[in-house]
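Presented below is the structure to which this report refers.
Residue numbers (the UniProt record's numbering): 1 to 1024.
And the structure:
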C-alpha cells in the first residue's frame, strides 16, 4: 500500500465519514443498517455503493480544500515572480573534419541534438573507408552461402529525384543490410539506376517543349539522346546524393546503370538467347498505344479512370476548350444486306465502328438464328461486307440487344473473336491518333473529332438510336495523360507460358519465401494466368532491339513476319545470319527502330549486376541474391519477370526471399523530397520546387493547394534518423501508408533523448572510467540494475525476432520503449543518487550497467538510426575487446543467459516500482509537488526488504518526497492518510491495461486472485 499524509495526520470529518461508510459496507458496523430513500434497511450492495460515493465525495472535497489552502497561503500580491532563466550562449558549431576523414569529435557535446551537425562527415568517412564493401573471399574467410547476405537495390528511375516512397524502401532495406552486417555476414548492398525508358523520355520531351517549344523530332534521334543522357547524368548524381544523405550503406564502388556497357551486353545476350530458343518471337497482336507519345505501353503504365456516367473531358493534343464525351454508350443500327431489317448494336467508342468486321450473336438466341451466315452493310464503307457470326463466348444474349459489334483490331475481347472466326483485322488509326485510309470519308480526322462526326453521320442516315449513361473505365497513359487505344501492331513478344511454369516449379522446389502471404498468392495467380509479354517500344531512349530486317532484292518482305528478321549479339553475327537468309542474293539490313521494354533490362538486374553473362566471381559468390525487398505494386511487372528470366537464363531462382512492404499513399505527400523533411523547408520553398518542375499549370496549382493544407508552416528540420525510424515504424503488412510529419518530429525529440542520455552518462563516466572488457555481470548489481539489464535483454530478443520476422513496427516499438520508458525515464533517474552518493562499489557497478545499456542500446538502434548512433557510440569509451572502427561493424546484441536469469529480480523491482507509481498517482491527484510524506506498507517480507533496499531510488523517482517510511503493519500508517491499494490502482487503469496486467501476472496466485476480484468489482459497477 502507498499512503500519503494529509494535513496534520489527523483524520478529517470527511475521512471519518468515508471510514464509517466503508466499515458498514464491509459488515463491520454493529449498529443497525442505515435506511435507504424508501425507508427500508440498505443492503450490503447499496452500502458499498454509498461508501464508494462518500469516498469519492470526500476525495473531491479534500482536493478542493488543499487547493484553497495553497491559494490562501500564497496571496496574489505576494507571489514572487519567477526568476528569468539565464540563457547560455553556446559556441558556434564548427566541423573541422577534412573530407573523407573520421569526424573530429574533440569539441564538447552541444546542449541538444542538432541533426545537421550530427550527420556531417560520417558518410564520407564510411564510404572512403570502404566499410560497406563486402569482405573479400580468402582461404581464411572462405565463401559461405549461409553467411552471405545480398540485396540488389531496386534501381530508382532517373526520371527525377527520389520521393518519400523511395525513402521508405531504402530505410527498410538498409536496416536489414546493417543488421546482417553487424551479425557478421558478408554483405553486399548493390546500388544502381534504371533508365526507365518511356518515363524518362516523356519528362525530357516535356522539358524541352516547355522551355524551348521543340519536340524530339526537331532534334533528331542522336541529338535528342544526348539531351536525355545529360538529364540522366544530372539526376543520377542527385539521386546518389539523396541515397547518401539517407545513410544507405550501399557499396558505391559497384554502382550500376541499366544502360551501361555491362548491363547492355546482358540485355543483348538475353534477347538473342531467348530468340534462338523461340521464346522471343515477332507477332501482330493488340497493344496499349499512346498516341501522344507514339509508343506501346505496359499495363503498369496505364491508369484506369473510373466513371459513373457521362463526363466531358479534355484530351492531350486537342484544344483545351475542346471537351469530349465519355461514360456513355451509343446504340446504332446496321442495315441487313438485301433486306429492310436492321440489327441494333451498342458501343462506348462509336468511332471504332469504322473498323468493324463482324457482328456476333449467341447461337441459341432465337431472335437471330435466321441471320446466321448473313451480312450487314457498313453505312460508310459500302464495299465492306460484315458477316453475322454465332459466338457463345463473346455474347450474353440477356444483355442489351444480344448483338455485339466486333472490331478485332481495336478491342481485346474482339481480337479473340477475330482469331476464332478468322476475321479481317482492320486498323483505322495512324500512330498519331488520326484516322487512316481504312476510315473512308473520315480519313485524316483526329479520333475524337471523328467520334462526333460519326455520330452525326449516323443520325443523318437514320441509323442512330440513342445515347445512355454508362459506368465505365477509361484507360489513361500515366506518362502523358492521353487516352490509351488498343491497336494491333507487329511487335516483339516473349512467350511467357514456359517461363511461368518453370518459375513456379523453381519457387516451390527451391523454397523461395514470398511474404506477406497475400503477395505470394498474387504471384501464383499471375503466373497461372500469364499472357505473352510485348517487349517492343516505339521510343528512342532505351536498348535498341538487336534485330535486323533483311530485305532481299527482288522479293517482298513482310516486316510482321519473323522469318524476315535476324538477331545478333554483334552486327557481324547478325550479318552472317542475314547472308544465310539471303542465300547468295543481294540484300540490305535495317535495324529495328524500336527499343525494348524497360522491364526487360530490369528483369535481368539480380544477375546482370554480378557480370552475367560472364561467369564472374561475383556471380559465384553473390548469386542468387538473399533478399529482394520492394513494394507489392510491382510484384508482377518486375518481381515475377526477374524470377522467370532468372530461372531460365541462370538455372536458379534469383533470390531466396521476396519481402513486399506496404506502399506510401498516392497522395501529395508522396512527391515530397525526403531531403525536405531531413533539412526542413519553408512553404514557399515547396512551392518553388513545383514551379521548377515539369508539372503543367493545373497540376502545379493542385499541388500548391495541397501543400498549403498539409504543410501550412512548411516542414521543420527532422533529420535522417528520425525520418528513417518513422518510416520503418510505419511498416506493416498493410497496403497503404500515410506519412504524418508530426510523427517524424516526435522521433526527432526521441533522438534528443538519446543525446541527453548519452551526455548525462558521459558526465557520470568521467574520471578514468574504463568499461569492462567483456559483457559480464559484476556481481555488485543492485535491484534496479538487474531490472534494466533484464529489460535490455528483452529488447535484444524482441529486436532480433523482429528482424527475422520482418516485423519492423514491433522492432521499432521495442527499442523506443526501452530507451524512453525504461532507460531514460526510470533507470537513469534511479541511478543519479547512486552516482552522486553511493559507495564506490555500488557506483562502479552502476557505471558499468549504464555504459552497457548505452552501448548495447545504440547498437540495437543503429540499423534504423545510423548517424546519431555512430556519433554517440564514437563518444563513448571503448571496451578493450572492441576492435571495430565504426558501430556499423560491431557485433549486434544478443540475448545472454546470465541476463535471462535476472527475470525474478526484475519482477521484484516491478513490485517496487508499483509503489513508486502509486505515490506519484496520489500526489498528482492532489496536485502536490513538494513536502510529500509517504508510507509504503506491505505484509510480504520479500517485498518489504526490496522496498527498504531501494528506498533511495524510491525517494529519487517520487518528485517532492520529503520523507519515506516503509512499514509492514497497516497500523503503522497514520490515520487520515490518503491511501491507494494495489487493487485500487488496478481499478483506476483502463480496461486494456487491466487485461494486460491480468495476463502478465497470472503466475502469481495471490495477485491474480486480487486482480480478478478488482476486475469483477469494475464490471459490477459498470453493469449497474
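Beta carbons are placed, not taken as given, at the ideal position from N, Cα and C, and that holds for glycine.
Check: Does the ligand FAD have even one heavy atom less than 7 Å from the beta-carbon of residue 713?; Outcome: Although the ligand FAD was asked about, the structure shown includes no ligands whatsoever.
Check: Give the C-beta separation of residue 446 and residue 434 to the nearest angstrom, bearing in mind that I take them to be a contact with Cβ-Cβ under 8 Å.; Outcome: 6 Å
Check: Among 110, 173, 627, 532, which has the Cα closest to the Cα of residue 494?; Outcome: 532
Check: Leaving out five residues on either side along the sequence, give the residues of the same chain with a beta carbon under 6 Å from the beta carbon of residue 154.; Outcome: 630
Check: Could you give the C-beta distance for residue 661 and residue 168, rounded to a whole number, given that I count them as a contact under 8 Å?; Outcome: 7 Å
Check: With a floor of 3 residues, list each beta strand (DSSP E) that falls wholly inside the stretch 763 to 851, ordered by position along the chain.; Outcome: none
Check: Enumerate in chain order the residues of its own chain whose CB-to-CB distance from residue 620 is below 8 Å, with the five nearest sequence positions on each side excluded.; Outcome: 143
Check: Return the chain-ordered list of same chain residues with a C-beta closer than 7 Å to the C-beta of residue 187, the five sequence neighbours on each side being excluded.; Outcome: 134, 149, 177, 180, 181
Check: Rounded to the nearest angstrom, what separates residue 775 and residue 887 at their Cα positions?; Outcome: 16 Å
Check: Is the stretch 252 to 267 close to the stretch 576 to 592, with three or more CB pairs under 8 Å?; Outcome: no
Check: At the level of alpha carbons, what is the spacing between residue 541 and residue 388?; Outcome: 45 Å
Check: Roughly how many whole angstroms lie between the Cα atoms of residue 159 and residue 716?; Outcome: 27 Å
Check: Exposed or buried, which one is residue 299 when buried takes at least 16 other CB atoms within 10 Å?; Outcome: exposed
Check: Tell me the rounded alpha-carbon separation between residue 201 and residue 231.; Outcome: 10 Å
Check: Quick one: Cα of residue 919 to Cα of residue 933, how far?; Outcome: 10 Å
Check: In three-state terms, what does DSSP make of residue 352?; Outcome: helix
Check: Quick check: the Cα distance between residue 545 and residue 437, rounded to an integer number of angstroms?; Outcome: 30 Å
Check: Can you find the residues in the same chain that come closer than 8 Å, C-beta to C-beta, to residue 520, ignoring five residues on each side of it along the sequence?; Outcome: 514
Check: By Cβ distance below 8 Å, which residues in the same chain neighbour residue 898 in space, the five residues on each side in sequence not counted?; Outcome: 776, 777
Check: My output table needs one value for residue 285: the three-state DSSP class, helix, strand or coil.; Outcome: strand
Check: In terms of alpha-carbon separation, which member of 793, 479, 250 lies closest to residue 304?; Outcome: 479
Check: What did DSSP end up calling residue 602 once you bin it into helix, strand or coil?; Outcome: helix
Check: So, is residue 1072 buried or exposed, given that buried needs 16 or more other C-beta atoms within 10 angstroms?; Outcome: The structure shown has nothing for residue 1072, since the chain only spans 1 to 1024.
Check: Using C-beta distances below 6 Å, list every residue in its chain close to residue 676, excluding the 5 sequence neighbours before and after it, in chain order.; Outcome: 715
Check: Could you give the DSSP three-state label for residue 631: helix, strand or coil?; Outcome: strand
Check: Taking the C-alpha atoms as reference points, what is the distance between residue 790 and residue 476?; Outcome: 58 Å
Check: Let me confirm a value: residue 584 is counted as buried when at least 16 other C-beta atoms fall within 10 Å, else exposed. Which label applies?; Outcome: exposed
Check: Look at the alpha carbon of residue 847 and the alpha carbon of residue 962, and state the distance between them as a whole number of angstroms.; Outcome: 27 Å
Check: Measure from the alpha carbon of residue 1026 to the alpha carbon of each residue in 628, 624, 94, 657, then state which is nearest.; Outcome: Past the edges of the chain, shown from 1 to 1024, lies residue 1026, and the structure says nothing about it.
Check: For residue 30, collect the residues of the same chain with a Cβ closer than 8 Å to its Cβ; drop the 5 residues on either side in sequence, then sort them by chain order.; Outcome: Residue confidence for residue 30 is low, a pLDDT of 40 falling below 50, so the modelled location carries little weight; the figure read from the coordinates is stated next. If we look at residue 30 and ignore the five residues flanking it on each side, it has no Cβ neighbours.
Check: Contact check, residue 507 vs residue 643 under 8 Å by CB: the rounded distance?; Outcome: 7 Å
Check: Quick check on the DSSP output: what are the complete beta strand (DSSP E) runs of length 3 or more inside the stretch 184 to 236, in order along the chain?; Outcome: 186 to 190
Check: Suppose contacts are defined by Cβ-Cβ distances below 8 Å. Is residue 737 in contact with residue 664 by that definition?; Outcome: yes
Check: Exposed or buried, what is residue 105 when buried is set at 16 or more other beta-carbons lying within 10 Å of its beta-carbon?; Outcome: exposed
Check: Quick check: what's the CA-CA separation for residue 485 versus residue 693?; Outcome: 28 Å
Check: Within 10 angstroms of the Cβ of residue 931, are there 16 or more other Cβ atoms? Answer buried if so, exposed if not.; Outcome: exposed
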